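Taking it in order: structure first as C-alpha cells, then the write-up.
There are 2 protein chains.
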Amino acid sequence: MNDIFKKIGTTQTLSQKIERNIERAIREKKLPIGSKLPSERELCEMFAVSRTALREALRRLSARGLIEIRKGSGMVVKKINMKDAIDSLNLYYDLKFDMNLISQIIELRLAFEPEIAKMAALNRKDEDLANLEQNLIDFAACDPDNTQLESDMDNKFHLNVARATGNPFVIVTMEPVHNLLPRMRNFIYANIEGEKEITLGYHKEIVNAIRERDAERAYEKMQAHLDRNMQVYNKFMKIPEQD
Amino acid sequence: MNDIFKKIGTTQTLSQKIERNIERAIREKKLPIGSKLPSERELCEMFAVSRTALREALRRLSARGLIEIRKGSGMVVKKINMKDAIDSLNLYYDLKFDMNLISQIIELRLAFEPEIAKMAALNRKDEDLANLEQNLIDFAACDPDNTQLESDMDNKFHLNVARATGNPFVIVTMEPVHNLLPRMRNFIYANIEGEKEITLGYHKEIVNAIRERDAERAYEKMQAHLDRNMQVYNKFMKIPEQD
DNA sequence: GCTTCTTATTGGTGTGACCAATTGCTGAAA
DNA sequence: TTTCAGCAATTGGTCACACCAATAAGAAGC
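Chains as they are written, first to last, in the numbering used here: chain A, 496 to 738; chain B, 496 to 738.
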C-alpha cells in the first residue's frame, strides 16, 4: 500500500523554495561565479519574505558550498571547488565505514589503480613527477619506527599518482577512498615488518614508468604492487568476531 | 605573500560552533543513527543560545544530509544515504562542466568501465541480472524516433552495470559521471543514425557475459563497446569555436 | 476495543531590535 | 596634493517574543 501512494506534496517549506530559487539562478549562471549577491535586506524585499526564512535558505546554500558568506562585507557565489565535493564524500564514507567495506575498498583499488597509473603515465606534468619523486625521497628517509608516518607517505604516494592523471573525476574518486585506509589499518594485527623496502621498490618502479610515460609498464607495476600489498593484508587480517 | 600568512582565526560564528558540536556527536555515534534529537527549545537551553542561532546550525546539518527535520514531529539523525553524496557530486560536476571535461569523461569511462563490467560479472545478484535484461528489452522496444529515450536507456544500462558490482564506491563514482552524458550530447551534431542496433548488440553480449559470470569476457565486450562508442563520438564531435 | 476529537508538542515564519565586522567616506595633518 | 586616522553606513550574526502549521499523544465517545 505504501508503495502505491507515495507522498506527493512533500510540502516544501518557504525557505526551501527560496533555496531552490537561488540555486537555480546559480546553476543557470544568472548569478555568475564570484558575483555579489544582494544584501539580506534587499533579498528579503525581492522575495517578499522575512529575514528569518531567507537566512535559513542562505545557510543551507553555504553549507553546500554554493555561496560564501562574509560578515560585514556580503555574500558571493563561490568558485566551485573540489574540496566541498570531497568533504561530503568523506562524510558519507566515514559514517558508512565498517568491516564489510574493507573488501570493497580493496576490490576498487585493485581494479582502478593500475588504470590510474596508466593515465598518470600518459598525462603527468613535470610538477606531478616532481611530487612523486619527492615522495620517494621522503618515504625512504622517514624514521623506520614511525609506522604512522610511513603509512601516511604510502597513502600520499597513491594520491599523487591519482593527481598526476590531471583528471578531476579520478581525484574525487580516490581521495575519499584513500582517506579510509588509515582506519582499515586498525583491522590488521600489526604494521608489517620489513615491508617498507619492498613497497619502496615498487613505488620507484612505478615512478620510473610514469617518468618515461610508459603507460603499460606503469599499469603492470601498480598491479603487481597492489597484488602483493593485498596478499600481505589478507594474511594479517583479523578474523572478525561473531556476534 | 598570501601563501605565507594564511588566515588563522576564521572567527567561527556561534551557529557554526553549534553545528560542529552536533556533527561531532553524530560522527562519534553519541547520537546514533535514527535517534531523536532533543527539540529545538531543549537544545537552546542545553547550548544556552537563541533559537535563531541553533536553527541555522540545524539547517546546515540537514542541508548536508546529517539530520532529517520533520515539522511537528522532530529531528532525527539520518541514516546515511548514498543519494546525498551523489547529489553533491552532481552539483560539483554540473557547475564545473565544460568542453574540456568531455575528454576526461571519455578517458575515465574507457579506463574504468571495463573493470566495472568485470566486477559486475563476479558480484552480480539475480536481481541485478534481471534489471539488465529488462533494460535490454526496454531498449529494443523503444521508439526509434525518440532519440532522447534511447540515450536514457543507454545511460541506464551502464548505470545498472555499475550497480551490479554491489560496490558503493563504484556507484558513487559512476552515477554523477553518467549524469553528465546527456549534456555531452549537446556537443555532437546529431544522434547517430543506425547505431542503436550495434549498441544493443554490444549490450547483449555484455549481459550474456555477466549472466555467465565470465569476468574476462565482460571486460572485453565492454571495452569493445566503449571503443566503438568513442570512435563514433569523436567523428561527430563539433569543432569548438575559437574565441 | 476502536474511532474521533481535542490538546500539547514541535518545527516554520514574521518582526523588530541590537551586536560586530567590514567598507568607504571625510576631514585633518603632512 | 597625498596620506591616514577616525567616523558613519552597510552587512551579516544573534537575540527575544509572538504566532502559524503539522504532527503526535492522550481523552472522550461510540
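By construction, the Cβ of each residue, glycine as well, lies at the ideal position given by its N, Cα and C atoms. Note that the structure is a prediction, hence the values are computed from the model and not measured.
Runs of alpha helix (DSSP H) wholly within the stretch 631-717 of chain B (minimum 4 residues, chain order): Runs of the alpha helix (DSSP H) inside the stretch 631-717 of chain B: 642-659, 663-680, 690-706.
Using a beta-carbon distance cut-off of less than 8 Å, what residues from the stretch 589-604 of chain A approach chain B? Within the stretch 589-604 of chain A, the qualifying residues are D589, L590, K591, L596, Q599, I600, E602, L603.
Of the listed residues A/E563, A/R708, A/T547, nearest to A/S530 (C-alpha basis): Residue A/E563 is the option with its Cα nearest to A/S530.
Just verifying my parser: in three-state terms, what is the DSSP assignment at A/Q559? What sits at residue 559 of chain A in the sequence shown is Arg, not Gln. Three-state result, A/R559: coil.
Pair every Cβ in the stretch 568-581 of chain A with every Cβ in the stretch 690-697 of chain A, then say whether three or more of these pairs are closer than 8 Å. Flag = no, the stretch 568-581 of chain A and the stretch 690-697 of chain A do not touch.
Own chain residues within Cβ distance below 8 Å of B/L721, not counting five before or after: Answer for B/L721: R604, L605, E608, P609, listed in chain order.
DSSP beta-bridge partners of A/I564: For A/I564, which the question treats as bridged, DSSP gives the partners A/M570.
Taking B/V665 as the query, report the chain A residues whose CB atoms sit under 7 Å from its CB, ordered along the chain. Residues of chain A passing the Cβ test: L603.
Can you tell me which of the three DSSP states B/K525 falls into? Three-state DSSP puts B/K525 in coil, outside helix and strand.
In chain B, which residues lie with their C-beta within 9 Å of the C-beta of A/L584? Under a criterion of Cβ atoms nearer than 9 Å, the residues of chain B adjacent to A/L584 are, in order, A580, S583, L584, V667.
Given that a residue counts as buried once 16 or more other Cβ atoms are within 10 Å of its Cβ, and exposed if not, what is B/D649? Around the Cβ of B/D649, a 10 Å sphere holds 16 or more other Cβ atoms; the residue is buried.
How many angstroms separate the CA atom of B/Y728 from the CA atom of A/Q643? When rounded, the distance between both Cα atoms is 47 Å.
Proximal residues of chain A, C-beta to C-beta of B/A558 below 9 Å: Per Cβ cutoff of 9 Å: E514, R554, R555, L556, S557, A558, R559.
Just to make sure I have the definition right: I need the residues of chain A whose C-beta is within less than 7 Å of the C-beta of B/F607. Which are they? Chain A residues near B/F607: F607, E610.
Count the other C-beta atoms from every protein chain shown that fall within 10 angstroms of the C-beta of A/M541, then say buried if there are 16 or more, exposed otherwise. Result: exposed.
Closest to B/N655 by C-alpha separation, out of B/L549, B/E715, B/D621, would be which residue? The shortest Cα separation from B/N655 among B/L549, B/E715, B/D621 belongs to B/D621.
Let me make sure I understand the geometry here. Which of A/K525, A/R619, A/F652 has the alpha-carbon closest to that of A/D633? Looking at the Cα atoms, A/F652 is the closest of the given residues.
Under 7 Å between C-beta atoms, does A/E670 make it to chain B? The beta carbon of A/E670 does not come within 7 Å of any beta carbon belonging to chain B, so the residue lies off that interface.
Start and end residues, alpha helix (DSSP H) containing B/K591: In the DSSP assignment, B/K591 falls within the unbroken alpha helix (DSSP H) covering 577-591.
Interface residues of chain B around A/E551 at Cβ under 8 Å? The answer, in chain order, is R550, E551, R554.
Using a Cβ-Cβ distance cut-off of 7 Å, determine whether A/Y728 contacts chain B. False, the Cβ-Cβ gap to chain B never drops below 7 Å.
Any chain B beta carbon closer than 7 Å to A/N674: Proximity of A/N674 to chain B, defined by a Cβ-Cβ separation below 7 Å, is not satisfied.
Hey, is the stretch 671-679 of chain B in contact with the stretch 581-589 of chain B, meaning 3+ C-beta pairs nearer than 8 Å? Yes: the two stretches touch, three or more of their Cβ pairs being nearer than 8 Å.
For B/T509, which residues from the same chain have a beta carbon less than 7 Å from its beta carbon, with the 5 sequence-adjacent residues on both sides left out? First, the residue type needs correcting, since residue 509 of chain B is Leu and not Thr in the sequence shown. Same-chain partners within the cutoff: V544, A548.
What does the alpha-carbon distance come out to for the pair B/R678 and B/D638? B/R678 and B/D638 have their C-alpha atoms spaced approximately 21 Å apart.
Beta-carbon contacts of A/S568 that lie in its chain and below 8 Å, excluding the five residues immediately before and after: Result list for A/S568: empty, nothing under 8 Å.
Residue from B/N681, B/A657, B/I601 with nearest C-alpha to A/P663: Ranking the options by Cα distance to A/P663, first place goes to B/I601.
Rounded separation between A/A719 and B/Y714 - CA only: Taking the straight line joining both Cα atoms gives about 19 Å.
Give me the chain B residues within the contact set of A/I575, using Cβ-Cβ distance strictly less than 7 Å, ordered along the chain. Neighbours of A/I575 on chain B, chain order: Y587, L590, K591.
Buried or exposed: which applies to B/A659, given that a residue is buried once 16 or more other Cβ atoms fall within 10 Å of its Cβ? Burial call: buried.
Please confirm if A/N662 has its CB atom under 7 Å from at least one CB of chain B. Answer yes: the Cβ-Cβ gap between A/N662 and chain B drops below 7 Å somewhere.
Does DSSP put A/K531 in a helix, a strand or coil? In the structure shown, A/K531 sits in a strand (DSSP, three-state: E or B).
Any beta-carbon of chain A closer than 7 Å to the one on B/Q718? Chain A places no beta carbon closer than 7 Å to that of B/Q718, leaving this residue out of the contacts.
Residue span of the alpha helix (DSSP H) that contains A/K613, given as start and end: Taken as a continuous stretch (DSSP letters only), the alpha helix (DSSP H) holding A/K613 covers 594-618.
Where does B/V544 sit, in a helix, a strand or coil, going by DSSP? B/V544: coil per DSSP, three-state reduction.
By alpha-carbon positions, which one of B/S557, B/L532, B/E551 ends up nearest to B/V571? Measuring C-alpha to C-alpha distances from B/V571 to each of B/S557, B/L532, B/E551 identifies B/L532 as the nearest.
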